[in-house]
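Participant: Those protein sequences? They're chains Z and F, same order as listed.
For what it's worth, numbering that gives the first Met the number 0 labels the leading residue of the first sequence as 0, then goes sequentially.
For what it's worth, numbering that gives the first Met the number 0 labels the leading residue of the second sequence as 0, then goes sequentially.
Protein chains: 2
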Amino acid sequence: MAVNREQVLRSAAALLTRQPTATMDEVAKAAGIGRATLHRHFAGREVLIEALEELGIQELEAAIDGARLDEGAADEALRRLVERIEPAAGLIAFLVTENQLFEGDVHEGWARTDARFAALFRRGQEQGEFRIDLSPAWLTEALYGLIGAAAWSVQDGRVAAKDFSYMVVELLLGGARRSVRS
Amino acid sequence: MAVNREQVLRSAAALLTRQPTATMDEVAKAAGIGRATLHRHFAGREVLIEALEELGIQELEAAIDGARLDEGAADEALRRLVERIEPAAGLIAFLVTENQLFEGDVHEGWARTDARFAALFRRGQEQGEFRIDLSPAWLTEALYGLIGAAAWSVQDGRVAAKDFSYMVVELLLGGARRSVRS
DNA sequence: CCCACATGAGACATGAACGTCTCATGTGGG
DNA sequence: CCCACATGAGACGTTCATGTCTCATGTGGG
Chain Z
0 MAVNREQVLR SAAALLTRQP TATMDEVAKA AGIGRATLHR HFAGREVLIE
50 ALEELGIQEL EAAIDGARLD EGAADEALRR LVERIEPAAG LIAFLVTENQ
100 LFEGDVHEGW ARTDARFAAL FRRGQEQGEF RIDLSPAWLT EALYGLIGAA
150 AWSVQDGRVA AKDFSYMVVE LLLGGARRSV RS
Chain F
0 MAVNREQVLR SAAALLTRQP TATMDEVAKA AGIGRATLHR HFAGREVLIE
50 ALEELGIQEL EAAIDGARLD EGAADEALRR LVERIEPAAG LIAFLVTENQ
100 LFEGDVHEGW ARTDARFAAL FRRGQEQGEF RIDLSPAWLT EALYGLIGAA
150 AWSVQDGRVA AKDFSYMVVE LLLGGARRSV RS
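Shown next as structure tokens:
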């Protein structure tokens, strides 16, 4: 009887990832509930987006935790990270774009994840694994960008879904990893 | 007296790049003209976006032409390309996001530029400069993604504007260029 | 078994942006 | 100099999504 909040959020995330401009009515339909019920659980579109942001950050932080970024080689840690991010890539891409669109204050959680990403890149630089001429801040932004590009490409069928993790990690690592150069 | 269409498009591009959800009224204000006049030149928001798309593709193709992608080493060609794209990066990022949002048929121009990008990457692979385990299609998407990430980062002041070209090219090339690996 | 309560469907009001229209104005070209 | 014409300001009607409300319904728990 009682609506499963988690389930509603999941279906909303899935829909909005594909169709960011979807109506509250469409979100409700996608969740298999009425628009009124949707409003009873999420007072408005803004609240719904905030809840999705909460969910996305939660999953992102879970991925970071699970990847144990401070253990082992930095490139291996990055590999573990992207693999764990993949399931939430679509949602992350949606939220990043959403944050780009509206100038309202950003959720504090993003600062936390940004810092943890940057810390990984900094560690890699200090240990001599990553090149130092690309700042951790840029590498962090680039990671978000590549995740979004890959998520959209897979969604539109331009590239195979199974290659997601490989493509992102290999492209980013190749650029971030210090290599023999002339 | 007569409104300068080009100038209106430029200011609209500048505004929408920063604020993609800007109103027609805001676009008009930004151009220093009345909303009615804006409507006289661009029948509706959709028409305005189409005109901006035309402008963006035009600049992108001009950048591609100027970069002479089929001359010299592929990595140098890519370097020339990104340098010439930079001035239009914000507009390109806006248009790519816009295309991602709406499911309406995409402008044919994107297929042309995509093909020329992919051709460059393919040439690099065939000449042994670029690694072959990342498809030209993915490298093309990654290039768009990195350009967008860099444009937004610069816009928000997270990274320095002068580093734009260097950051994009170095990260993308490092990943695409075949390097000594274990 | 029965009632409380969450739900679904839909009506209704609101607000925002859009597109159209009118009219006064001022300038630029003939 | 004078008139045609593009412009600016704003009023107006329309559409669309949103948010609120009511009411009938059906189920689940006591």
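All C-beta atoms, glycine included, are put in the ideal place defined by N, C-alpha and C.
Select from Z/Ala11, Z/Glu70, Z/Leu68, Z/Thr22 the residue whose C-alpha is nearest the C-alpha of Z/Glu52.
Facilitator: Here the closest residue by C-alpha is Z/Ala11.
Participant: Using the beta-carbon of each residue, which ones in chain Z are nearer than 9 Å to F/Trp137?
Facilitator: Within 9 Å Cβ-Cβ: Ala148, Ala149, Ser152, Arg157, Val158, Asp162, Met166, Leu170.
Participant: What residues of chain F sit near Z/Glu205, judged by a beta carbon separation below 8 Å?
Facilitator: No answer is possible for residue 205 of chain Z: the residues shown for chain Z start at 0 and end at 181.
Participant: Counting along the chain, where does the alpha helix (DSSP H) carrying Z/Leu68 start and finish?
Facilitator: Run containing Z/Leu68: none; DSSP gives neither H nor E here.
Participant: Applying a beta-carbon distance threshold of less than 8 Å, which residues of chain F neighbour Z/Thr20?
Facilitator: By Cβ distance, chain F contributes Leu100, Phe101.
Participant: Can you give me the C-alpha to C-alpha distance between F/Thr112 and F/Arg122, rounded to a whole angstrom?
Facilitator: Each residue's Cα considered, the two are about 15 Å apart.
Participant: Starting from the beta carbon of Z/Gly144, find every residue of chain F whose beta carbon is closer than 7 Å, and list them in chain order.
Facilitator: By Cβ distance, chain F contributes Gly144, Leu145, Gly147, Ala148.
Participant: Bridge partners for Z/Arg176 per DSSP, in chain order?
Facilitator: Z/Arg176 is bridged to Z/Phe129.
Participant: Between Z/Leu59 and Z/Ile84, is the Cβ-Cβ spacing less than 8 Å?
Facilitator: It is a contact, given that the beta carbons lie within the stated cut-off.
Participant: Mind reading off the beta-carbon distance from Z/Leu145 to Z/Leu170? Whole number of angstroms is fine, and I expect it under 8 Å.
Facilitator: About 6 Å; that satisfies the 8 Å criterion.
Participant: Give the straight-line distance between the Cα atoms of F/Gly108 and Z/Ala88, rounded to the nearest whole angstrom.
Facilitator: For F/Gly108 and Z/Ala88, the distance between alpha carbons rounds to 28 Å.
Participant: Starting from F/Val26 and walking both ways along the alpha helix (DSSP H), at which residues does that stretch end?
Facilitator: From DSSP, the alpha helix (DSSP H) with F/Val26 extends over 23-30.
Participant: Rounded C-beta distance between Z/Glu140 and F/Ala148? I'm assuming under 8 Å.
Facilitator: Indeed they touch by this definition, with Cβ atoms about 5 Å apart.
Participant: Does the beta-carbon distance from F/Gly55 to F/Leu14 come in below 8 Å?
Facilitator: No, the Cβ-Cβ distance between F/Gly55 and F/Leu14 is not below 8 Å.
Participant: May I ask which residues mark the beginning and end of the alpha helix (DSSP H) holding F/Asn98?
Facilitator: That run of the alpha helix (DSSP H) goes 88-100.
Participant: Along the region 81-100 of chain F, where does the CB come closer than 8 Å to a CB of chain Z? Name the residues.
Facilitator: If the cut-off is 8 Å between Cβ atoms, the region 81-100 of chain F has Thr96, Gln99, Leu100 near chain Z.
Participant: What separation, rounded to the nearest whole angstrom, lies between the Cα atoms of F/Tyr165 and Z/Ala92?
Facilitator: Whole-angstrom Cα-Cα distance: 24 Å.
Participant: Within 10 Å of its beta-carbon, does F/Pro86 have 16 or more other beta-carbons around it, so buried, or fewer, so exposed?
Facilitator: Per the 10 Å Cβ criterion, exposed.
Participant: Taking 8 Å as the threshold (beta carbon to beta carbon), is F/Ser134 in contact with chain Z?
Facilitator: By this cut-off, F/Ser134 is an interface position.
Participant: Near Z/Ile63, what residues of its chain come up, given a Cβ to Cβ distance below 6 Å and the 5 sequence neighbours on each side ignored?
Facilitator: If we look at Z/Ile63 and ignore the five residues flanking it on each side, its Cβ neighbours are Arg115.
Participant: Look at Z/Leu37 and Z/Met23 and say whether their C-beta atoms are less than 8 Å apart.
Facilitator: In contact: Z/Leu37 and Z/Met23 (Cβ atoms closer than 8 Å).
Participant: Report the residue from Z/Val153, Z/Ala66, Z/Glu5 whose alpha carbon sits nearest the alpha carbon of Z/Ala30.
Facilitator: Checked all of Z/Val153, Z/Ala66, Z/Glu5; the closest Cα to Z/Ala30 is Z/Glu5.
Participant: In angstroms, rounded to a whole number, what distance separates the CA positions of F/Leu33 and F/Pro19?
Facilitator: Looking at the sequence itself, residue 33 of chain F is Gly, so the reference to Leu does not match. Cα to Cα, F/Gly33 sits roughly 20 Å from F/Pro19.
Participant: Candidates Z/Glu49, Z/Ala117, Z/Ala118: which alpha carbon is nearest Z/Asn98's?
Facilitator: Z/Asn98 has its Cα closest to that of Z/Glu49, out of Z/Glu49, Z/Ala117, Z/Ala118.
Participant: Report the three-state DSSP secondary structure of Z/His38 (helix, strand or coil).
Facilitator: Three-state result, Z/His38: helix.
Participant: Alpha carbon to alpha carbon, how far is Z/Arg17 from Z/Gln154?
Facilitator: Cα to Cα, the separation comes out at about 8 Å.
Participant: Just to confirm my understanding: we take Z/Arg27, look at its own chain, exclude 5 residues before and 5 after, and list those with CB closer than 8 Å. What are they?
Facilitator: According to the sequence as given, residue 27 of chain Z is Ala; it is not Arg. Around Z/Ala27: Gly33, Arg34, Thr36, Leu37.
Participant: Helix, strand or coil for Z/Pro19 per DSSP?
Facilitator: Coil, per DSSP.
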